Amino acid sequence: MDIKNNEFYKKWFKSAWTYVVGAVLLSLFQIVTLATTGEPWGVTAVFANWGAWLYRTIGGNVDKWYYFSSTSAQSTLNAGFLKDPASLRNLGIIFGALLATLLASQFKVKKIKSKTQLVAAALGGLLMGYGSRIGLGCNIGAFYSGIASLSLSGWVFGVFLFLGAIVGSKLLVKFFM
Amino acid sequence: MREINTSSSSIKSSFSTRATKSQLPFGIGLFIVLVIFGLFLSTISGNLSLFWLTGISFGFILQKSRFCFTAAMRDPYLTGGTAVTIAVLIALAITSIGFTAIKYGDFIKGLPISGQSYVVPISIATVVGAFMFGIGMVIAGGCASGTLMRVGEGFTMLILALFFFVIGSLWGAHDFEWWNLNFISKGKAVFLPDVFGWFGAIVIQLLVIAILYILVEKWKTRKQNQ
């Protein structure tokens, strides 16, 4: 059976989908998420937990931090990665993307090519991590889910996310390209 | 010109002009592993396998459609491209309608309104956090969902970005008490239906999205004419 030339394989798994199809399907699964889990989709809240678990491996302890002081935060930390739903969802995103790439035979390791890229990745990551904690979310939680939840905070986040992206673009062109 | 029947397995490989080997077997293998893991999770709790399933769905959709919030915000400025921006607006509109329906359903049944976890106080922390995030996502080449997606695609740069994303999150969690004390706790959360009523809120929101849609399209035309 020649799957590679099958029209449905090509349409569904080989070719890219349009942005609009993506928008519709993401919306669908956002709604599924709210309906089944009681909360909208969020990505970055767990990263603080991942950090806490990593910190523990080097002997650190976050139990006295205000951020982790609530009973639910403590129980999540104690239950561990494999029992944390949001951690599994993020892991799922990684594997879902990997699956899509493999099924299209497009997986390829893309290595870091320069020290500039290293700095960009580190700096960008730190800014996103810190920004998402104090901004109470990221492009998905604070912005996408926030706006969809009819919260004004989502719009405020969006405006400054956009302004930050403009500054980021200027920095990108000047220092990181 | 004689047509070569590439479906005949005996000559397929020698006439193949594809440089990459088929990864389909790996993909199918991974799919089976993901399903087995999902079934394993469901023995612990149905909730865990639900989150696993939705995660995989989000990742798959993001990768196939190349959906990227970073590109949506960066391209209009950097390249004049607006296709992703428009798609984000469409996603906002559709999801808003769905979310409003669920929340309104809760409301009229007298239940607590679901999914209010992102209806949060607006303060300087929102402004600074969003701004930092905007800079960071463009520099790193991916936002939160985009970073996870690209890790799955094999970008080692984004694996590094993810690592620092986690460090940055821990740092933010460490400083959170200060931000909360000075700004977040003094901010006000605004749930639009409280201000405009349920119908008013969704209509106004959709109108704003429609206006943004028009503005983005006009931006595109302007950039094309330059």
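If you read the sequences in order, they're chains A and B.
Each residue of the first sequence is one higher than the one before, starting from -10 at the first, in my numbering.
Each residue of the second sequence is one higher than the one before, starting from 118 at the first, in my numbering.
Note that beta-carbon positions come from the ideal geometry of N, C-alpha and C, so glycine has one too.
The structure displayed is predicted, hence computed values, not measured ones.
For residue i, the first and last residue of its enclosing alpha helix (DSSP H)
{"i": "B/P238", "result": "B/P238 -> no alpha helix (DSSP H), and no H or E assigned at all."}
{"i": "A/Q106", "result": "104 to 123"}
{"i": "B/A210", "result": "200 to 225"}
{"i": "B/D292", "result": "273 to 299"}
{"i": "B/D192", "result": "186 to 195"}
{"i": "B/D311", "result": "309 to 342"}
{"i": "A/F2", "result": "Here A/F2 belongs to no alpha helix (DSSP H), and DSSP marks it neither H nor E."}
{"i": "A/T7", "result": "Element bounds for A/T7: n/a, residue is neither H nor E."}
{"i": "B/R183", "result": "Per DSSP, B/R183 belongs to no alpha helix (DSSP H) and is neither H nor E."}
{"i": "B/S231", "result": "B/S231 -> no alpha helix (DSSP H), and no H or E assigned at all."}
{"i": "A/A154", "result": "141 to 164"}
{"i": "A/S134", "result": "Element bounds for A/S134: n/a, residue is neither H nor E."}
{"i": "B/A261", "result": "261 to 270"}
{"i": "A/I129", "result": "First-last for A/I129: undefined, no H or E at that position."}
{"i": "B/I149", "result": "141 to 161"}
Buried or exposed (CB count within 10 angstroms, at least 16 for buried), residue i
{"i": "A/F146", "result": "buried"}
{"i": "B/M190", "result": "buried"}
{"i": "A/K189", "result": "Outside the modelled stretch of chain A, which goes from -10 to 166, sits residue 189 of chain A, for which no answer is possible."}
{"i": "A/W6", "result": "buried"}
{"i": "B/S139", "result": "exposed"}
{"i": "A/A154", "result": "buried"}
{"i": "B/A261", "result": "buried"}
{"i": "B/S124", "result": "Interpretation of B/S124 is limited by its pLDDT of 44, a score under 50 that renders its predicted location unreliable; the figure taken from the coordinates is listed afterwards. The residue is exposed, with fewer than 16 neighbouring Cβ atoms inside 10 Å."}
{"i": "A/S121", "result": "buried"}
{"i": "A/A68", "result": "exposed"}
{"i": "B/S130", "result": "Caution is warranted here: a pLDDT of 43 is assigned to B/S130, below 50, making its placement in the model unreliable, and no coordinate value can be reported."}
{"i": "B/E270", "result": "buried"}
{"i": "A/T105", "result": "exposed"}
{"i": "A/F84", "result": "buried"}
{"i": "A/V32", "result": "buried"}
{"i": "B/G142", "result": "In the sequence as presented, Gly is not what sits at residue 142 of chain B; that position holds Pro. B/P142 should be labelled exposed."}
{"i": "A/S103", "result": "exposed"}
{"i": "B/P193", "result": "buried"}
{"i": "A/S94", "result": "buried"}
{"i": "B/N297", "result": "buried"}
{"i": "A/V35", "result": "buried"}
{"i": "B/R71", "result": "Given a span of 118 to 343 for chain B in the structure shown, any question on residue 71 of chain B remains unanswerable."}
{"i": "B/A327", "result": "exposed"}
{"i": "B/L228", "result": "exposed"}
{"i": "B/S182", "result": "buried"}
{"i": "B/V312", "result": "exposed"}
{"i": "A/F70", "result": "exposed"}
Beta-carbon proximity of residue i to residue j, cut-off 8 Å
{"i": "A/P74", "j": "B/Y235", "result": "no"}
{"i": "A/V21", "j": "B/T217", "result": "no"}
{"i": "B/F184", "j": "A/L88", "result": "no"}
{"i": "B/P238", "j": "B/G289", "result": "no"}
{"i": "A/T26", "j": "B/L167", "result": "yes"}
{"i": "B/F293", "j": "A/Y133", "result": "no"}
{"i": "B/I214", "j": "B/I319", "result": "yes"}
{"i": "B/L158", "j": "A/A86", "result": "no"}
{"i": "A/A12", "j": "B/I331", "result": "no"}
{"i": "B/V307", "j": "A/S140", "result": "yes"}
{"i": "B/A200", "j": "A/Y8", "result": "yes"}
{"i": "B/G285", "j": "A/G49", "result": "no"}
{"i": "A/K100", "j": "B/T273", "result": "yes"}
{"i": "B/V283", "j": "B/I276", "result": "no"}
{"i": "B/T243", "j": "A/S142", "result": "yes"}
{"i": "B/G155", "j": "B/W169", "result": "yes"}
{"i": "A/A110", "j": "B/A188", "result": "no"}
{"i": "B/G232", "j": "A/L91", "result": "no"}
{"i": "A/L23", "j": "B/I219", "result": "yes"}
{"i": "B/F148", "j": "A/F18", "result": "no"}
{"i": "A/A81", "j": "B/I173", "result": "A small fix is needed here, since residue 81 of chain A is Gly in this sequence, not Ala. Yes, these two residues count as a Cβ contact at 8 Å."}
{"i": "A/I160", "j": "B/I203", "result": "The question names Ile, but residue 160 of chain A is Leu in the sequence shown. The answer is no: Cβ separation not under 8 Å."}
{"i": "A/S158", "j": "B/L195", "result": "yes"}
{"i": "A/S76", "j": "A/N128", "result": "no"}
{"i": "B/L287", "j": "A/A41", "result": "yes"}
{"i": "B/V245", "j": "A/I123", "result": "yes"}
Expected contact under 8 Å - CB spacing of residue i and residue j to nearest Å
{"i": "B/F186", "j": "B/G263", "result": "7 Å"}
{"i": "B/F281", "j": "A/G114", "result": "3 Å"}
{"i": "B/A257", "j": "A/F149", "result": "B/A257 to A/F149, Cβ: 17 Å. No contact."}
{"i": "B/G197", "j": "B/K337", "result": "7 Å"}
{"i": "A/W144", "j": "B/H291", "result": "Not really, about 28 Å apart at Cβ, beyond 8 Å."}
Residue i: CB within 7 Å of a non-hydrogen atom of the ligand ADP
{"i": "A/K163", "result": "The ligand ADP is not among the ligands present in this structure, which contains no ligands whatsoever."}
*Taking only runs of the beta strand (DSSP E) that begin and end inside the segment 14 to 66 of chain A, which ones reach a length of at least 3 residues, in chain order?*
none
*Which ranges would you report for the alpha helix (DSSP H) in the segment 63 to 97 of chain A if only whole runs of at least 4 residues count?*
74 to 92
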